[in-house]
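If you count by our numbering, then the sequence shown holds residues 17 to 128, one letter each, in order.
Worksheet for the structure shown next.
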Amino acid sequence: MTVNLAMATIVGSAIFPLAIRLMWGKMVAEWGALGGWMAAAFIVGTVWCLNHGLATPMITQTGAWVDQGLAAGVGIWVGAVLTGDKVKPSLPIIACAVIGGILGGWLLSLFL
């Protein structure tokens, strides 16, 4: 992977949690549950198209496949910690997410 591709991947990965933190809560506050569904469609869909769907995508898959959800999870967690949230209460949730990801990957490996 070249330096340019690495930088584009980092920026593309950072756009997703940034968009979630900036827009998702406001859409839910304004439109309720429908706002959550709209945020899921518009934010996730738009960022996915930006990162993967263009003729020259921001994120080029050259190695191990990493889900966009990982970028969202890490970005939102880091953002929450930087704004003053506590780390210790989040550790059991992170452990469960890692275990779930491992089990999900193992389950998919049985069929793919």
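The beta-carbon is built from N, C-alpha and C at its ideal position, and this holds for glycine as well.
Computed from a prediction, not measured in an experiment: that's the story for all the values here.
Distance between beta carbons of residue j and residue i, contact taken as under 8 Å
i, j, result
"Ala55", "Val44", "7 Å"
"Leu38", "Thr76", "Leu38 to Thr76, Cβ: 25 Å. No contact."
"Ala24", "Met74", "5 Å"
Classification of residue i by the beta-carbon crowding that lies within 10 angstroms, buried from 16 upward
i, result
"Trp40", "buried"
"Ser125", "exposed"
"Pro33", "buried"
"Gly69", "exposed"
"Ala71", "exposed"
"Gly100", "exposed"
"Gly88", "Before going on, a small fix: residue 88 reads as Ala here, not Gly. Classification for Ala88: buried."
Between the CA atoms of residue j and residue i - distance to the nearest angstrom
i, j, result
"Trp122", "Ile115", "11 Å"
"Leu119", "Leu86", "15 Å"
"Lys42", "Gly48", "9 Å"
"Ile31", "Leu98", "17 Å"
"Leu66", "Phe127", "30 Å"
"Val27", "Lys102", "26 Å"
"Trp53", "Val90", "22 Å"
"Asp83", "Thr18", "21 Å"
"Ala57", "Gly51", "10 Å"
The segment 60-75 touching the segment 111-120, judged by at least three CB pairs closer than 8 Å: They do not touch, by the three-pair rule.
Uninterrupted alpha helix (DSSP H) stretches inside the segment 50-119 (no shorter than 4 residues): Taking 4 residues as the shortest admissible run, the segment 50-119 contains the following complete alpha helix (DSSP H) segments, listed from N- to C-terminal end: 84-98.
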